[in-house]
Amino acid sequence: RVGISEQGRGISTELDPNDSEGRVLHTKHGELHCINIYLPNGGANPGRQMYKDQWLEDLLNWSMQFVDLDEPVLICGDLNIAHTENDIWNPTGNKNTSGFLLHERQWFTRYLSTGWHDLLRNEVGDVKGPYSWWSNRGQARALNRGWRIDYVLANDAAKILFKSARVLREGGLVVSDHAPLIVDLDI
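Heads up, the sequence shown is in my numbering, so the first residue is 496 and it goes up one at a time.
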């Protein structure tokens, strides 16, 4: 809790008023808001996909209070969506897989259109990858057959502080199927 001046949990929606799955942590560090999110994975269960879809709409509505703040705001974490074909190794084979469903990707485009900036994509441009998650099966990480589902999104006030972003592909190798996404800010 060093450097944390405020903290809160959840997004207080009708869907999940008490954030029972611990999906949102909002901390404030001086003027900087860090909103850490772990969005649900839809998986193969239709009920779980409906839960995820409702979360997406609730998140969009809830986060609108932050997008136009004069204070810098970062939304970061595992959003469980590969936004574009550049964010997934095999887009054709995964077009019917939760995390790359057309309506999820359309939601992500709509979300960014409200004023959020994808800092890693701004850094690397319109190229394939880099990926932040790999299945533990089939040597996916070794062959770099991954998905980019981890993001740092910034409002305008945070974007002007942005210096660089990168994925540490070998980071977290022993403990996670995700790689750390590092963003440097001029604060």
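Backbone N, C-alpha and C define an ideal beta-carbon position, used for all residues, glycine too. All figures in this text were calculated on a predicted structure; none of them were measured in a lab.
Asked, Found
"Identity of the residue in C529, D514, A652, R664 nearest Y626 by Cα", "R664"
"Continuous beta strand (DSSP E) stretch holding V669: start and end", "From DSSP, V669 is part of no beta strand (DSSP E); its letter is neither H nor E."
"Backbone CA spacing between V553 and H673 [nearest angstrom]", "Note that residue 553 is Asp in the sequence shown, not Val. So the two alpha carbons sit approximately 25 angstroms from each other."
"The region 629–638 / the region 651–658 touching (three or more Cβ pairs under 8 angstroms)", "no"
"R496, DSSP secondary structure in three states", "Any reading at R496 is ruled out, since the residue's pLDDT is 45, under 50, leaving its predicted position unreliable."
"CB of S558 within 9 angstroms of CB of I570, strictly", "yes"
"P567 classed as buried or exposed, judged by whether at least 16 other C-beta atoms fall within 10 angstroms", "buried"
"Own chain, CB closer than 6 angstroms to D582, minus 5 neighbours either side, in chain order", "R643"
"Exposure label - A653; buried when at least 16 CB within 10 Å", "buried"
"Where V622 falls, given that 16 or more other Cβ within 10 Å makes a residue buried", "exposed"
"Same chain, Cβ closer than 6 angstroms to E586, five either side skipped, listed in chain order", "Checking the displayed sequence, the identity of residue 586 turns out to be Pro instead of Glu. Cβ neighbours of P586 beyond the five flanking positions: E580."
"Delimiting residues of the alpha helix (DSSP H) encompassing L615", "614–619"
"W611 versus H528: straight-line alpha-carbon distance, rounded", "14 angstroms"
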